[in-house]
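To keep things clear, I will list the structure first and then write my remarks on it.
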Amino acid sequence: MNSDIKREELLISQLADLLVNDKHVAVGAASPIPGAAALLAKEEAKLNNKRLRVTILHSNKYNNFTDGARELFDCAAQGRIDTFFLGGVQIDGQANINLVGTGTYPKIEKRFPGSFGSALMYFVVPQIILFREEHSPRTLVDQVDFISAPGASDENIYRPGGPKYLITNRALFKFNKNLKKFSLLKLNQNQTIQDIKELTGFKFDISENISDMLNPDTTRLKTLRDKIAPMVSEFYPEFTNRIWGI
Amino acid sequence: MNSDIKREELLISQLADLLVNDKHVAVGAASPIPGAAALLAKEEAKLNNKRLRVTILHSNKYNNFTDGARELFDCAAQGRIDTFFLGGVQIDGQANINLVGTGTYPKIEKRFPGSFGSALMYFVVPQIILFREEHSPRTLVDQVDFISAPGASDENIYRPGGPKYLITNRALFKFNKNLKKFSLLKLNQNQTIQDIKELTGFKFDISENISDMLNPDTTRLKTLRDKIAPMVSEFYPEFTNRIWGI
Amino acid sequence: MKSFDELSLKEIVNEVKDGCILGVPADYSGVPMEFTKRLIKKGIKDLKLYCLPLTTIQGDMLIGSGCVSEIEAAAVTLGEFGLAPRFSEAVENGSILIKDSTCPALHAQLQATEKSVPFMPLRGVIGSDIQKHRKDWCIIENPMKSSGVLNEPILLLPAVQLDILVFHASCADRNGNIQIGRRRELATLAHASKKVFVTVEKFLDTDFFEDELSAATCLPGLYINGISIVKNGAWPCALPGVYPADNKEIKKYSLAAKTKQGFDDYMNQSLFI
Amino acid sequence: MKSFDELSLKEIVNEVKDGCILGVPADYSGVPMEFTKRLIKKGIKDLKLYCLPLTTIQGDMLIGSGCVSEIEAAAVTLGEFGLAPRFSEAVENGSILIKDSTCPALHAQLQATEKSVPFMPLRGVIGSDIQKHRKDWCIIENPMKSSGVLNEPILLLPAVQLDILVFHASCADRNGNIQIGRRRELATLAHASKKVFVTVEKFLDTDFFEDELSAATCLPGLYINGISIVKNGAWPCALPGVYPADNKEIKKYSLAAKTKQGFDDYMNQSLFI
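Protein chains in written order, with this note's numbering: chain A, 10 to 255; chain B, 10 to 255; chain C, 14 to 286; chain D, 14 to 286.
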């Protein structure tokens, strides 16, 4: 077994750690790393005699829905999904996310695909994990140009869900709902707090128990490479080919 | 072929005449006579190179729906059903129908099953045919004790549909929407206008071109007995056994 | 570890608590009759039945056995075999509360819960005595400038969440997915229920999701809290596509239940023999 | 007489009129690519695309070819192959109007039409810039005393009716019923559309309604105005359960379409060879 741990493997492992208390994790479009993390967490739950259900929309086999494309949203609104992943062209310090584009809407300078289902999912799924590999002042900004979904809402708005974590290539943040602010929780290897401060466009707190991201142990790495990678190749063949050569 | 025409056959034939301009007729629960009429009309449409779709909820074969029990109502609300049949414990002179019971609600004296889907179907299906075999002052009343669905609505209410005809063992009435009143159109054999007046609990007009209900001709009767009866026996075996001995 | 909970029928019955809102499927969507009899035998009290949209012998038996305090339905009937006698009598003597409704309203109230919105609009119904007696419904003027007519009154129905749903189906796969065919109202019921239990004729050692067409016929296991094998579990009602109704038995019931004494005799026989 | 209309692809294309609202299925529900190319070749103008809830190469091609004036969608993207270049450029230079939405809103607006109600409520969304820019949406205080919270703002979305829907499916039966498997968003689209046309890989000489399980996989012919056989009609998109996407071709398109010239060359080649 190759012991050089890849960046993607570390992220998958970090994400899997956040799913240990879940019963149902759903993964949206174009998300190979969250997809692999969810399947890994499911496999490890089995060993602990627990059940974790994983719905991967991009897959046929791991797509648990039969009521059409709206079922993801209905299911989430019913409170039946514990964790979902969202990304963003821009993410700001109040956890507002922008999937639409840069510039002053509707006069867009650079247009991206659009908001997908974020404007509902962000409100109703208890644990939303923001996932954006690129960690730069361009992606993590002080204020997003367009709010696809707000990080926080007024008291009279129905909102059982919201942002819990933000993970990038360089760091893991926890979102503090009351302060409406991120707090730096973990650093990727070779990153310093100073690095992160320079590369982050918004102000954040530093957690008291800040630590390094730990590499997956041998057992987990073996599960990931031997069992999970082939599963992921069903629906993300390009990704698994690039990372694991399968 | 037995040429003694049964009462049920005459009613089926009368109803089939009302369906000649339809594209889609739907038939609800416990309605063997409307069901047979719809299938007869469909068969005759075919001979005229026209298509009539028939949805019989009580059948598996002739139930065109795949979106669950709500599809009948959604489909009707979309304007995709031309004719539907409704009955009533009581029907009054303004075409209000009562499927709930007699007495002063909620203190019911005699309780019947309930309103089913009448409170929507009566509003959205362009041609509702009221069908009640028993023609008596007990069933055709001046004012129903409970309005399951009103015969007419205010101008600002969305109502593309409503009552068009009322047919009983003894007579066929047409409903005049503007006058909110029935008009006697056809008499069953051996009935006089005077008979009908005595047996009807509400006041009605007499059509200028009142006529007798005509028996089905030999061709239609043959179609009904040879082709339609076996089809109906799939979903109303007791009825077809009683009427046609099959 | 098994990917779902296989329970005994007794365990399912024990999940039903006095006073809860119980989802009741129509006669065409898999009536859990064996479960119903056990529930009666247990002596459940004060059930609130929510019928989608009607009930036949299941509701009549529960009412006749004194298990029901309230029922919301568009109809209670024995179909070809006439009125539901225990229901009619209970309404006539005021021993149960009937919240009279109409089929599409019963669907829409569950769809509101399915979407987690507080209400659903519905056309029709306005001007009926159904609407006049439903204090939990309300009418607003259409506030939507971009659709409909502005001064149009629109009926709003509240979201209703069921405490528990039990239905009978032909089979479940090895992951606890339930084959419901085109009886998709069972999906609506399940989505709107806090807990869902299913009795099935059998388990199939297969995965419905391995094939797109068989996937289309099932209710995903994620909505199901437990499954129990109960052979002939809908009898004497039909299980659509599997077995027809036992009309002789339903007729027998319909005649017996015309009187309280006849009903009691019938139930004693069917529960204890 | 045949129980449905079998049309040529040309006849279907001719049903689409300049300026109409065209329903656009997502990449997982049967994209009618062959139809789309013919529509472009015909020189259709001023289309208003309603995507449920997104579009990929179909929308990008129509936009790049100048056929579209307006698009309502939750996303336009080439998925793994990056941004939809013709869409992005058209938005950036203001040559099309994008009504930005979110997936559940696009579903709900069609469900309103499905039920013929003027609006549907939706939770979430409030406080986003999507909502702030949608003048056709409105917010009311929850008027429902029996459900939800009284001072809660509730978003209402208008019913949207499509003029025409065209999608591609694997097969139709002899009565014009269409096999859609679990792609039930196609049923929602069809219910909300004035006219519906389908291209299929083939006809099967069977009746899906003869069996309860195969019935569950189909969209009833009653919603369909015409069907045409078009082999490989979704290429290069996938037809779920039948063939996968031709990723090589989509990648080729994604590279070509990065410039207007590259796009024109690609389209010339794919339309006229």
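C-beta: ideal position from N, C-alpha, C; glycine also. Since the model is a prediction, treat every value here as computed from it, not as a measurement.
Query: Identify the contact partners of residue 151 of chain C in chain D, using a Cβ-Cβ distance below 9 Å as the criterion.; Result: 156, 157, 158, 159
Query: Output, in sequence order along the chain, the residues in the stretch 71-103 of chain A whose CB is closer than 7 Å to any CB in chain D.; Result: 75, 76, 77, 78, 79, 82, 86
Query: Opposite residue 195 of chain B in the DSSP bridges: which residues?; Result: B:181, B:220
Query: List in chain order: all unbroken beta strand (DSSP E) runs of 3+ residues lying wholly within the stretch 169-241 of chain D.; Result: 175-185, 206-216
Query: Could you check where the beta strand (DSSP E) with residue 134 of chain D kicks off and where it finishes?; Result: 132-135
Query: Residues in its own chain within less than 7 Å of residue 255 of chain A by CB, not counting five upstream and five downstream?; Result: 238, 239, 242, 249
Query: Going along chain D, which residues have a C-beta under 7 Å from residue 247 of chain A?; Result: 93
Query: Counting only beta-carbon atoms, is residue 1 of chain D nearer than 7 Å to chain B?; Result: Nothing in the structure corresponds to residue 1 of chain D, since chain D is present only between 14 and 286.
Query: Identify the contact partners of residue 24 of chain C in chain A, using a Cβ-Cβ distance below 8 Å as the criterion.; Result: The premise fails here: residue 24 of chain C is roughly 18 Å from chain A at the closest Cβ pair, so nothing lies under 8 Å.
Query: Check whether the stretch 189-203 of chain C and the stretch 14-31 of chain A touch, using three or more Cβ-Cβ pairs below 8 Å as the test.; Result: no
Query: Just checking: is the beta-carbon of residue 56 of chain D within a distance shorter than 7 Å of some beta-carbon in chain A?; Result: no
Query: Run through DSSP, which three-state label would residue 91 of chain A get?; Result: coil
Query: Is it a yes or a no for the stretch 179-191 of chain D touching the stretch 55-68 of chain A, going by three-plus beta-carbon pairs under 8 Å?; Result: no
Query: What's the C-alpha gap between residue 175 of chain D and residue 155 of chain C?; Result: 22 Å
Query: To the nearest angstrom, how far is the alpha carbon of residue 82 of chain A from that of residue 195 of chain A?; Result: 31 Å
Query: In terms of residue numbering, what span does the alpha helix (DSSP H) encompassing residue 172 of chain B cover?; Result: Not the alpha helix (DSSP H): residue 172 of chain B falls in the beta strand (DSSP E), residues 172-176.
Query: Between residue 204 of chain C and chain B, is any beta-carbon pair separated by less than 7 Å?; Result: no
Query: Could you pull out every residue in the same chain whose Cβ sits closer than 6 Å to the Cβ of residue 10 of chain B, ignoring the five residues on either side in sequence?; Result: At residue 10 of chain B the pLDDT is 41, less than 50, meaning the model places this residue with poor confidence; the figure from the coordinates comes in the next sentence. For residue 10 of chain B, where only same-chain residues beyond five positions count, there are no Cβ hits under 6 Å.
Query: Note the first and the last residue of the continuous beta strand (DSSP E) segment covering residue 140 of chain B.; Result: 136-140
Query: I want to see whether chain C comes within less than 7 Å of residue 105 of chain A, judged by CB atoms only; does it?; Result: no
Query: Interface residues of chain C around residue 133 of chain B at Cβ under 9 Å?; Result: 136, 137
Query: Please go through the stretch 36-97 of chain B and give each complete beta strand (DSSP E) segment of 3 or more residues, from N-terminal end onward.; Result: 62-65, 92-95
Query: Name the two residues that bound the continuous beta strand (DSSP E) containing residue 34 of chain C.; Result: 34-38
Query: Helix, strand or coil: which one does DSSP assign to residue 167 of chain A?; Result: coil
Query: Label residue 14 of chain C either buried or exposed according to how many other C-beta atoms from any shown protein chain fall within 10 Å of its C-beta, with 16 as the threshold for buried.; Result: exposed
Query: Note down the Cα distance separating residue 28 of chain D from residue 54 of chain D, rounded to an integer number of angstroms.; Result: 14 Å
Query: Return the first residue and the last residue of the alpha helix (DSSP H) that residue 75 of chain D is part of.; Result: 70-77
Query: Alpha carbon to alpha carbon, how far is residue 32 of chain C from residue 107 of chain C?; Result: 18 Å
Query: Between residue 39 of chain C and the rest of its own chain, which residues show a CB-CB distance below 6 Å, the 5 nearest in sequence each way excluded?; Result: 67
Query: Is there a Cβ of chain C sitting closer than 7 Å to that of residue 172 of chain B, yes or no?; Result: no
Query: Anyone know if the C-beta pair for residue 168 of chain B and residue 97 of chain B falls short of 7 Å?; Result: no
Query: Could you tell me whether the stretch 122-138 of chain D touches the stretch 210-224 of chain D, where touching means 3 or more Cβ pairs closer than 8 Å?; Result: no
Query: In chain order, what residues of the same chain have a beta carbon less than 8 Å from the beta carbon of residue 220 of chain A, not counting five sequence neighbours either side?; Result: 194, 195, 196
Query: Between the Cα of residue 208 of chain B and the Cα atoms of B:116, B:175, B:144, B:115, which residue gives the shortest distance?; Result: B:144
Query: Answer yes or no: does any C-beta atom of chain C fall closer than 7 Å to that of residue 230 of chain D?; Result: yes
Query: Assuming residue 91 of chain B and residue 135 of chain B are in contact, meaning their beta carbons sit under 8 Å apart, how far apart are those beta carbons, in whole angstroms?; Result: 6 Å
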